[in-house]
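**Student:**
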Amino acid sequence: MSPTLRNRLIGLLIAALVFLVDQGFKGWVVKDLKLREVGLIELLPFFDLRWTQNFGVSLGLFTAGSTEGRWALVAMTAAIALFVFIWMMRERKMADIAALSLVLGGAAGNIRDRYLFGYVIDYADLHFGNFRPFLIFNIADAAITIGVLIILARSLFSREKPDSAVETAPES
């Protein structure tokens with residue numbers, strides 16, 4: 002097996018694990034902790050579990066106010082996930098594949114929620130007193146954010162020279 006194929010398979014495994022952990026945790030907070038009924042579980046002075054139904058996408062944008070809007074968001078996010086999958090399958094470096102797999106696994110988890118319920122289940126409430134630096138989120142959102150940050154950091158800070166670009170000092 003080539004290293005590139007191995008990296009891509011590992012990427013698919015990472016995406017599957019993100020999806021399974023996200024869905025498992027959502028199932029746990031809904032079924033076992035009854036978060037939907039309770040509404041709020043205070044865990045730490047800076048972290049609570051708070052039931053939230055997110056009818057939009059990133060940062061609550063593009064809220065689906067109708068059945069048509071819901072399915073439009075499912076289709077749009079599925080198309081983006083397909084793009085990320087194709088991008089991931091074209092990459093060779095493990096760091097790029099891993100970052101894209103985090104995005105793909107998180108997207109799949111949120112797409113499944115929207116498909117089944119019409120909204121994404123969010124529950125993680127990180128706060129400092131009344132200051133909330135983040136919206137309420139879930140594991141899928143965290144994976145997507147981390148993956149995007151890795152992609153951005155790698156694109157900003159890794160400046161690779163093409164193999165054919167060999168610089169030589171000008172002759173004087």
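When we follow the working numbering, the leftmost residue of the sequence shown carries the number 2, and every step to the right adds one. Beta carbons are placed, not taken as given, at the ideal position from N, Cα and C, and that holds for glycine.
#1: With Gly12 and Ile98 assumed to form a contact (beta carbons below 8 Å), what rounded beta-carbon distance in angstroms separates them?
#2: If we ignore side chains and look at the alpha-carbon of each, how far apart do Arg7 and Arg93 end up?
#3: Is Thr53 helix, strand or coil by DSSP?
#4: Name the one or two DSSP bridge partners that Glu43 has.
#5: Just the Cα atoms here: how many angstroms apart are Leu34 and Arg9?
#6: Go ahead and pull the three-state DSSP assignment for Ile137.
#7: Check whether the Cβ atoms of Leu21 and Val30 lie closer than 8 Å to each other.
#8: Using the C-alpha atoms, what's the distance from Gly130 back to Pro46?
#9: Quickly, what does DSSP pair Ala125 with across the bridge? List them, please.
#10: Where Val85 and Ser102 are concerned, what is the direct C-alpha to C-alpha distance, given to the nearest angstrom?
#11: Just confirm the distance between the C-beta atoms of Ile112 and Phe26, as a whole number of angstroms; I'd bet it's less than 8 Å.
**Tutor:** Taking the structure as given:
#1: Contact flag correct, Cβ pair sits at about 4 Å.
#2: Each residue's alpha carbon lies about 10 Å from the other.
#3: If DSSP states are grouped into helix, strand and coil, Thr53 belongs with the strands.
#4: Asp49.
#5: Looking at the two C-alpha atoms, the distance is approximately 36 Å.
#6: Note: Ile137 maps to coil in three-state DSSP.
#7: Note that the C-beta distance between Leu21 and Val30 is not below 8 Å.
#8: The straight-line gap separating the alpha-carbon atoms of Pro46 and Gly130 is approximately 8 Å.
#9: DSSP, once it has assigned bridges, lists Leu50 and Phe138 as partnering Ala125.
#10: Straight-line Cα distance between these residues: approximately 8 Å.
#11: Incorrect: roughly 16 Å between the Cβ atoms, too far for contact.
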